[in-house]
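See structure below.
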Amino acid sequence: MRHGGMAIASLSFTAGRVSKFPCEEGKAMAFLRDTDWKGPGLKASRGGSTHYVLARRLKSGATIRLTIGSPNAWTSSAASEEARRLQTLIDQGVGPRSEKSERLAAAEAKRHDARRRTSPAMEAWQAYLAAHTP
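First residue of the sequence shown? That's 1363 in this note's numbering, and the numbers climb one at a time after it.
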């Protein structure tokens, strides 16, 4: 199979195949696709790093490649689950990158609010208000 002019090999993912998947000499990257499910692929870079990726065509016709994570941190089954989640977002017309940034922004806002509520200045202000409220 070819993707963007690059040949993509297809094999069933095993721990050994994933850990030993190399980037061919003279190439910037190489891809391996799992034959068991058309979900995540494996991308090997010239520098020796490997990552699970999901490459999909959006409804607009544009192709995106999303990095799921390193095989050191993700099992192939966990990467498949994440690929399914990302594919569901794509099918619903939601951009996975915008969904992720919204999720991260909401988590940061929650942390900021928690810090604000527990800050010493806020405690002093609440004590002042309690003491000076009729």
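Glycine residues also receive a C-beta, built at the ideal position from the N, C-alpha and C atoms.
query: Cβ-based neighbour list, Pro1402, same chain, cut-off 8 Å, excluding 5 preceding and 5 following; result: Asp1396, Tyr1414, Val1415, Leu1416, Ile1430, Ser1438, Ala1441, Ser1442, Glu1444, Ala1445
query: Per-residue burial, Leu1448 [other beta carbons within 10 Å of its own, 16 or more giving buried]; result: buried
query: Cutoff 8 Å; reference Gly1366; Cβ partners in own chain excluding five residues on either side; result: Any answer about Gly1366 is weak, because its pLDDT of 49 lies below 50 and its placement is not dependable; what the coordinates show is given next. Excluding positions up to five away in sequence, the list reads Thr1425.
query: DSSP three-state assignment for Ser1407, whether helix, strand or coil; result: strand
query: Of the listed residues Glu1387, Gly1388, Ala1406, nearest to Leu1394 (C-alpha basis); result: Ala1406
query: For Arg1427 and Ile1452, believed in contact at Cβ under 8 Å, the rounded distance; result: Not confirmed; about 12 Å, so no contact.
query: Straight-line gap, Ala1469 to Thr1412 (C-alpha atoms, nearest Å); result: 28 Å
query: Boundaries (first-last residue) of the beta strand (DSSP E) holding Thr1429; result: 1425-1431
query: CB of Pro1458 within 8 Å of CB of Ser1381, strictly; result: no
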